[in-house]
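A.B. asks:
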Amino acid sequence: MKKFVVLALFSLIGLATMAQSLPINIGIHGGWNNTKINAKHLKVDSHGGYMIGAFARINLGSLYLEPAVNFAHKESGIKNEYSIGKFKYSSIDIPVMVGYNILKLPIFKLRGFAGPVASFVTKDLKKDFNTDKMMWNGKIGAGVDVWKVTFDIDYEFGLKKFGDDVKAPKSWNLTLGFKII
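Structural data, given as structure tokens:
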């Protein structure tokens with residue numbers, strides 16, 4: 240058992256050393272979203288939600304590829320002639336962004352990015368609508384990195400309707416992250 244623990248420890252140290260020499264960053268991020276979901280015959284307001292997740296950034300010179308896995312909670316206010324309420328849902332989002340480093344200094348980067356987002360609805364809190372459990376979205380945005388801290392702002396838009404009576408969602412997202420590696 241001791242030999243296994245020692246071998247595992249040396250393997251982890253070796254992997255950590257190798258990861259530091261590769262052009263890969265791994266980190267965590269979280270943030271706020273403001274989502275608007277339009278539906279037939281309803282007045283809709285945008286409401287705030289949140290997201291938390293992890294990302295891996297593969298640096299390829301001025302370009303980079305950034306896949307991530309996020310848990311997101313989104314809301315939109317709805318109103319018709321009879322009632323007022325909220326349309327809420329949670330999802331696991333898997334964005335794959337392709338980015339370009341516009342300005343790349345030793346401790347500061349300014350970047351732009353775009354790409355697809357696969358979104359899997361995990362919890363739909365409004366049963367009055369027939370909604371899809373999987374959506375494809377697009378995302379475009381910009382971000383800055385200062386040392387290991389990242390800040391992104393982006394616009395996410397649905398590429399298809401969310402359901403029979405519900406149009407594609409649109410969201411503004413603000414995200415703060417930290418690169419662990």
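Each residue of the sequence shown is one higher than the one before, counting from 240 in this note's numbering.
All C-beta atoms, glycine included, are put in the ideal place defined by N, C-alpha and C.
Since this is a predicted model, take the numbers as computed values, not measurements.
Nearest CA to the CA of V283: which residue from T274, Y289, M290?
C.D. replies: Here the question's residue 283 lines up with position 44 in the sequence shown. Ranking T274, Y289, M290 by Cα distance to V283 puts T274 first.
A.B. asks: Taking 8 Å as the cut-off, decide whether the C-beta atoms of D391 and G382 are in contact.
C.D. replies: As a position in the sequence shown, residue 391 is number 152, starting the count at 1. As a position in the sequence shown, residue 382 is number 143, starting the count at 1. In this structure, G382 lies closer than 8 Å to D391 by Cβ.
A.B. asks: Exposed or buried, what is K378 when buried is set at 16 or more other beta-carbons lying within 10 Å of its beta-carbon?
C.D. replies: Position 139 of the sequence shown holds residue 378. So K378 ends up on the buried side.
A.B. asks: Can N376 and D393 be called in contact, C-beta distance under 8 Å?
C.D. replies: Along the sequence shown, read from residue 1 onward, the residue named residue 376 stands at position 137. Along the sequence shown, read from residue 1 onward, the residue named residue 393 stands at position 154. It is not a contact, given that the beta carbons lie outside the stated cut-off.
A.B. asks: Consult DSSP for K325 and reduce its assignment to one of helix, strand or coil.
C.D. replies: Looking up residue 325 in the sequence shown gives position 86. Strand at K325.
A.B. asks: Going by CA-CA distance only, name the one from T389, E395, V360, E314 that's closest to K418.
C.D. replies: As a first step, residue 418 must be located in the sequence shown, where it is residue number 179. Measuring from the Cα of K418, the nearest candidate turns out to be T389.
A.B. asks: Suppose you measure from the CA of G288 to the CA of G270; what does that come to, to the nearest Å?
C.D. replies: To locate residue 288, count along the sequence shown from 1; it is residue 49. To locate residue 270, count along the sequence shown from 1; it is residue 31. Between G288 and G270, the C-alpha separation is close to 9 Å.
A.B. asks: Looking only at C-alpha atoms, which of S330, N298, S410, A307 sits nearest to Y339?
C.D. replies: Locating residue 339 in the sequence shown gives position 100, where the first residue counts as 1. For the residues S330, N298, S410, A307, the minimum Cα distance to Y339 belongs to N298.
A.B. asks: With 16 as the cutoff for other CB atoms within 10 Å, does N309 come out buried or exposed?
C.D. replies: Stepping through the sequence shown from its first residue, residue 309 is reached at position 70. The residue in question, N309, is buried, as its Cβ has 16 or more Cβ neighbours within 10 Å.
A.B. asks: Can you check DSSP and say which residues form a bridge with T389?
C.D. replies: Along the sequence shown, read from residue 1 onward, the residue named residue 389 stands at position 150. Looking at the DSSP assignment, T389 forms a beta bridge with D384, G416.
A.B. asks: Quick check on L261: does DSSP put it in helix, strand or coil?
C.D. replies: Looking up residue 261 in the sequence shown gives position 22. Coil, per DSSP.
A.B. asks: Have a look at S285, L302, T414 and flag the residue whose alpha-carbon is nearest the alpha-carbon of G316.
C.D. replies: Against the sequence shown, residue 316 aligns to sequence position 77. Looking at the Cα atoms, S285 is the closest of the given residues.
A.B. asks: Helix, strand or coil for A311, going by three-state DSSP, please let me know.
C.D. replies: Taking the first residue of the sequence shown as position 1, residue 311 is located at position 72. The answer is strand: DSSP assigns A311 an E or B state.
A.B. asks: To the nearest angstrom, how far is it from the Cα of A407 to the Cα of K362?
C.D. replies: Counting from 1 along the sequence shown, the entry for residue 407 is found at position 168. Counting from 1 along the sequence shown, the entry for residue 362 is found at position 123. Spanning the two alpha carbons is a distance of roughly 17 Å.
A.B. asks: What separation, rounded to the nearest whole angstrom, lies between the Cα atoms of G300 and I265?
C.D. replies: Residue numbering aside, residue 300 sits at position 61 when the sequence shown is read from its first letter. Residue numbering aside, residue 265 sits at position 26 when the sequence shown is read from its first letter. Between G300 and I265, the C-alpha separation is close to 17 Å.
A.B. asks: Near D332, what residues of its chain come up, given a Cβ to Cβ distance below 6 Å and the 5 sequence neighbours on each side ignored?
C.D. replies: In the sequence shown, counting from the first residue as 1, residue 332 sits at position 93. The residues are N309, A311, V356, S358.
A.B. asks: Does the Cβ of P334 have 16 or more other Cβ atoms within 10 Å, making it buried, or fewer, making it exposed?
C.D. replies: The sequence position of residue 334 within the sequence shown is 95, counting from 1. P334 is buried by the Cβ-count criterion.
A.B. asks: Taking 8 Å as the cut-off, decide whether the C-beta atoms of I263 and A295 are in contact.
C.D. replies: Within the sequence shown, residue 263 is the residue found at index 24, counting from 1. Within the sequence shown, residue 295 is the residue found at index 56, counting from 1. In this structure, A295 lies closer than 8 Å to I263 by Cβ.
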